[in-house]
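> 1235 is the number that the working numbering gives to position 392 of the sequence shown; each next residue is one higher, with no gaps. Glycine is no exception: its CB is placed at the ideal position from the N, C-alpha and C atoms.
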Amino acid sequence: MPPPARDFSPWWVVTLAGACAGFFRSPNQGVDMGLHAARLSLCAATFLAVLAAGCGGGGGGSPAAPPPPGPSPVGWGVFPDAVRVIGKQNFDDGSASDGTAPGELNLPGGSPAVSSDGTLFVAQTQASRMKAFKQYMAADGPDAAFTFTVDSGVVASASIHAGKLVVVEDHLVAIYDSVPTAPPEAGPARVAGGTSGCSASQLNNPEAAYITPRGQLIVADSRNHRVLIWNSLGTDLQLGNADVVVGQKDKDTCAANDVDGNDTTDDASAATLNRPTSVWSDGVKLIVVDSLNHRVLVWEKLPTTDFEAADHVIGQVNPGDSLPNAGLPAVTASTLFLPKSVDVSETGQMAVADQQNHRVLVWNTIPAASNVPADQVLGQPDLHSGGRVAASIKTFNEPSGVRFDGRNMVVVDVSNYRVLVFRARD
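#1: Note down the Cα distance separating Asn1207 from Ile1236, rounded to an integer number of angstroms.
#2: Within the continuous beta strand (DSSP E) that includes Arg1202, where are the two ends?
#3: With 16 as the cutoff for other CB atoms within 10 Å, does Ser940 come out buried or exposed?
#4: Mind checking if Asp1125 is an interface residue toward chain D, Cβ cutoff 9 Å exclusive?
#5: The beta strand (DSSP E) spanning Trp1142 covers which residue range?
#6: Could you please give me the residues that DSSP links to Leu1171 through a beta bridge?
#7: Please classify Ala1233: is it buried, with 16 or more other beta-carbons within 10 angstroms of its beta-carbon, or exposed?
#8: Could you tell me how far apart the beta carbons of Tyr1053 and Ala1032 are, in whole angstroms, since I believe they sit closer than 8 Å?
#9: Is the CB-CB distance between Asp1154 and Val1141 below 9 Å?
#10: When you compare the region 1198-1213 with the region 1178-1185, are there three or more beta-carbon pairs, one atom per stretch, that lie closer than 8 Å?
#11: Are Gly1036 and His1014 touching if we call contact CB-CB under 9 Å?
#12: As a quick exercise: from Gln1223, Gly1191 and Asn1161, pick the residue whose alpha carbon is nearest that of Val1174.
#13: Rank Asn1117, Glu1050 and Val965 by C-alpha distance to the C-alpha of Val1135 and give the top, closest one.
#14: Secondary structure at Asn1251, three-state DSSP: helix, strand or coil?
#15: Please list the terminal residues of the continuous beta strand (DSSP E) segment that includes Gly953.
#16: Measure the alpha-carbon distance for Met980 versus Asn1048 and round it to whole angstroms.
#17: Mind checking which residues open and close the beta strand (DSSP E) that includes Asp1133?
#18: With DSSP run on the structure shown, which of helix, strand or coil describes Val1034?
#19: Check whether the Cβ atoms of Val965 and Val1255 lie closer than 9 Å to each other.
#20: For Ser1258, which of helix, strand or coil comes out of DSSP?
#21: Using only alpha-carbon positions, find the residue among Thr943, Gly961, Pro955 and Gly984 that is nearest to Ala970.
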């Protein structure tokens, strides 16, 4: 039986240190210098041994404290109710709207953005403008505080990072150095793209953009079937050429699922894309919604060279598969049908807007392997349902965007012409 652990409390250390300090002072007259040196050596060795044992260095002291646990994943319950609706006055209205009234939305699309003061930015794809709702949690059916557009084009989505508003519109990505509180009087501080084409500096109907905590810009260049990465925002208005391309062998080929770089479409692979519509990154991992391949791809490390293959495929059994719902006759927790948007919460949970299954799936952690099933679902009564139903406080009609805001999940419910907000229960 091992001996009981010794308790090297702080008073022991202080007492021993005081005793040793007496030896380190100049010796009294008559004291043998050799004996004094031996006492010094013994005291120093004993003191170090006590420290090692008492501080968990392999002796009988208390073990080192474990690192603090990360945030626990939150839950929304079974078939949860939304707590707020934006774009409609009640939860049962899913009728079409032209978006001209301040409180209405015309085919809201893509991922929304939420500022630190609670302003919600929603893209109106059909009306070609961004609407901003201040204090979006205050009441149902609020009026927009203001609207704006960057270049009079189709607005696809928005995101906010480190106080910068990123707006995706037509063939450009506009970056504002601060989040506007009124229609911006000045243009954006940075612009990526601006003309349609297939090159290192052009975009073709991008659908999402994201600035990482490390300052990289990542763009889902949807109709060029690729993701472009700029390593920094630089200081010029035009960002110029992207540094890395994902989904293509080089920056001048833009066919879907082009495995060999000859600008023709092939079968899917872990390195190819077909209409990517959303991106997320913390500067380390990269997540891409590969919409027409009906899957989500995860890179454990943000690619630094062109055409790097993903580490994990979610929504398909194999990297070469690309059928809706993995070709299965029924919806499951592992399948996707035209996914559109992804976001990751502060607690590390991953949400995906699974558009044609009319649901949002939640993984309690970012998948660390392929074909991992989701843990939770919103918009459907269970993980095996995917049908379209009438507008209600619980349901979606083709959700196209998702964004975490603390304990809130904000979902763009495009074909119900509204945005729903769900509040985590635990």
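By the coordinates alone:
#1: So the alpha carbons of these two residues sit roughly 24 Å apart.
#2: For Arg1202, the enclosing beta strand (DSSP E) begins and ends at Arg1202 to Trp1206.
#3: Here Ser940 is buried. Its C-beta has 16 or more other C-beta atoms within 10 Å.
#4: In the structure shown, chain D does not exist; there is a single protein chain.
#5: Its beta strand (DSSP E) spans residues Arg1138 to Trp1142.
#6: DSSP lists no partner for Leu1171.
#7: Exposed, since its Cβ has fewer than 16 Cβ neighbours within 10 Å.
#8: Going by Cβ atoms, the distance from Tyr1053 to Ala1032 rounds to 17 Å, so no, they are not a contact pair.
#9: Yes. Within cutoff.
#10: Contact between the region 1198-1213 and the region 1178-1185 is present: three or more C-beta pairs spanning the two stretches fall below 8 Å.
#11: The Cβ atoms of Gly1036 and His1014 lie closer than 9 Å to each other.
#12: The residue with the shortest Cα to Cα distance from Val1174 is Gln1223.
#13: The sequence shown places Leu at residue 1135, rather than the Val named in the question. Answer by Cα proximity: Asn1117.
#14: Of the three classes helix, strand and coil, the one that applies to Asn1251 here is strand, per DSSP.
#15: Gly953 -> beta strand (DSSP E) spans Pro951 to Val957.
#16: Answer to the nearest angstrom: the Cα atoms are 31 Å apart.
#17: Its beta strand (DSSP E) spans residues Leu1129 to Asp1133.
#18: Residue state, collapsed to three classes: strand.
#19: Yes, Cβ-Cβ distance for Val965 and Val1255 is below 9 Å.
#20: Under the three-state reduction of DSSP output, Ser1258 falls in the helix class.
#21: When each option's Cα is compared against that of Ala970, the closest is Thr943.
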